[in-house]
Amino acid sequence: MTTKSFYTEVDGTKIPIGFNVENLRSAKKYKPLDSDIFICTFPKCGTNWTKRIVQLLIDRESRTGEVADYGLSKCFLEMAGASVISSQPEPRIVTSHLYFKEIPWNPNTKYIYVLRNPKDCCVSYFHHTKRTKVYDYENGTLTDYVTTFLNGETSFGSYFEHFRQWYAQKDRPNVLFLTYENMKQDPVKEIQKIIAFLGLPCPELRDPSSAKFQHVLKESGIDAMKDYVEENYRTAFAGASETGWKARSDYPCDRAPPPPDCFVRKGIVGDWKNEFSFADSKAIEGQMLRACEGFASVQDIWDDKVWRDC
Numbered sequence: 001m002t003t004k005s006f007y008t009e010v011d012g013t014k015i016p017i018g019f020n021v022e023n024l025r026s027a028k029k030y031k032p033l034d035s036d037i038f039i040c041t042f043p044k045c046g047t048n049w050t051k052r053i054v055q056l057l058i059d060r061e062s063r064t065g066e067v068a069d070y071g072l073s074k075c076f077l078e079m080a081g082a083s084v085i086s087s088q089p090e091p092r093i094v095t096s097h098l099y100f101k102e103i104p105w106n107p108n109t110k111y112i113y114v115l116r117n118p119k120d121c122c123v124s125y126f127h128h129t130k131r132t133k134v135y136d137y138e139n140g141t142l143t144d145y146v147t148t149f150l151n152g153e154t155s156f157g158s159y160f161e162h163f164r165q166w167y168a169q170k171d172r173p174n175v176l177f178l179t180y181e182n183m184k185q186d187p188v189k190e191i192q193k194i195i196a197f198l199g200l201p202c203p204e205l206r207d208p209s210s211a212k213f214q215h216v217l218k219e220s221g222i223d224a225m226k227d228y229v230e231e232n233y234r235t236a237f238a239g240a241s242e243t244g245w246k247a248r249s250d251y252p253c254d255r256a257p258p259p260p261d262c263f264v265r266k267g268i269v270g271d272w273k274n275e276f277s278f279a280d281s282k283a284i285e286g287q288m289l290r291a292c293e294g295f296a297s298v299q300d301i302w303d304d305k306v307w308r309d310c
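Take 1 as the starting number for the sequence shown in UniProt numbering and just add one per residue.
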């Protein structure tokens, strides 16, 4: 086990500092049910957003009374561990940042994979890192962080390797491939894809004009997502100080959590254009193109205007 600035490496997996090592090890041994719904992303690529959409689609809250799940602590596989995941009501929503080679696999389980362009991912991860006290990166620069990102020295490793492993699975019948950018551009269409993929039987969900579908759209929008995370924070802290809340026995980390705005910050496409230098932008472009060599075409995933300096 090795600890560096942004992660602890356990059995080849880079987890955030403060995560429980045994929870990670049990997570890799988790046995998915056929009814499980996995949401698989690299960090800062729409995990919370996609999870919220699925929660709303399957009426998780109305059926279970479950509201607060701050920090993904109940469904985040690597953070919570197998026993907590196994205690959740079916269908279980399971979120994960693991590479495909590490993910618990069941050919009958549904896996939703969401990809975000690497520049926006990097910018979002940079701000998340700056705002998380345990990393002591308040004065860190984006240029330095770009180097960290390119070298795969962030929690959960290399964005580019994560992409290569998961994108290769996109044509499996139990894998749904989505992009963050398409979800922002046409949320109705992308939510319809999720509904069809999950085989949800509710007739109302097949009609985007229905009250139920519109409720899903509204409650998964950026403003509602911010309110949702804030509500979870208030419930989780229960009026206690950050230090007091940190000690709660049902929170699976031994350090304080990031602030809520780390989970839902801007939620936009193209924020990298406001923050990257030309050199940093080109460095990430080059790495992405190399990751695709002999494997995939970036043009099949995004328009150049989304992710390139043209």
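C-beta: ideal position from N, C-alpha, C; glycine also.
Strand pairing of residue i, partner residues [DSSP]
| i | result |
| --- | --- |
| ILE37 | ILE93 and LYS110 |
| VAL10 | THR13 |
| THR154 | GLY157 |
Same chain, Cβ closer than 7 Å to residue i, five either side skipped, listed in chain order
| i | result |
| --- | --- |
| LEU205 | LEU57, ILE195, LYS212 and PHE213 |
| ALA247 | Because the pLDDT of ALA247 is 45, which lies under 50, any placement of that residue in the model is unreliable, and the number read from its coordinates should be weighed accordingly. Around ALA247: no qualifying Cβ. |
| ARG164 | ALA291 and PHE295 |
| VAL175 | TYR111, TYR113 and GLN169 |
| GLU275 | VAL123 and LEU142 |
| ALA82 | SER26, ALA27, LYS29 and TYR30 |
| LYS266 | none |
Neighbourhood of residue i by C-beta distance below 6 Å, restricted to the same chain and skipping five residues each side
| i | result |
| --- | --- |
| ASP309 | SER281 |
| PHE76 | THR95 |
| ARG92 | ASP36 |
| PRO104 | TYR30 and PRO32 |
| TYR145 | PHE126 |
| LEU115 | THR179 |
Assumed close pair residue i, residue j - CB separation to whole angstroms, cut-off 8 Å
| i | j | result |
| --- | --- | --- |
| VAL188 | PRO203 | Not a contact, Cβ separation roughly 17 Å. |
| MET225 | VAL264 | 5 Å |
| TRP307 | ASN117 | 4 Å |
| CYS40 | TRP166 | 6 Å |
| PHE6 | THR154 | 6 Å |
| PHE156 | MET288 | About 17 Å; that fails the 8 Å criterion. |
Cβ of residue i within 8 Å of any chain D Cβ
| i | result |
| --- | --- |
| LEU205 | The structure shown contains no chain D; it holds only a single protein chain. |
Cutoff 8 Å; reference residue i; Cβ partners in own chain excluding five residues on either side
| i | result |
| --- | --- |
| GLU190 | LEU178, ASN182 and MET183 |
| THR47 | ILE39, THR41, LEU72, THR95, HIS97 and VAL114 |
Quick check for students: name the residue ranges of the alpha helix (DSSP H) that lie wholly in the region 48–136, counting only runs of 4 or more.
Unbroken alpha helix (DSSP H) stretches of 4 residues or longer found wholly inside the region 48–136: 60–64, 77–80, 82–86 and 118–131, given in chain order.
Go through the region 165–215 residue by residue and report every complete run of the beta strand (DSSP E) that reaches 3 residues or more, in order.
175–179
Any 3 or more C-beta pairs closer than 8 Å across the region 128–146 and the region 97–116:
no
Is it true that the region 10–27 meets the region 180–187, where meeting means three or more beta-carbon pairs spaced less than 8 Å apart?
no
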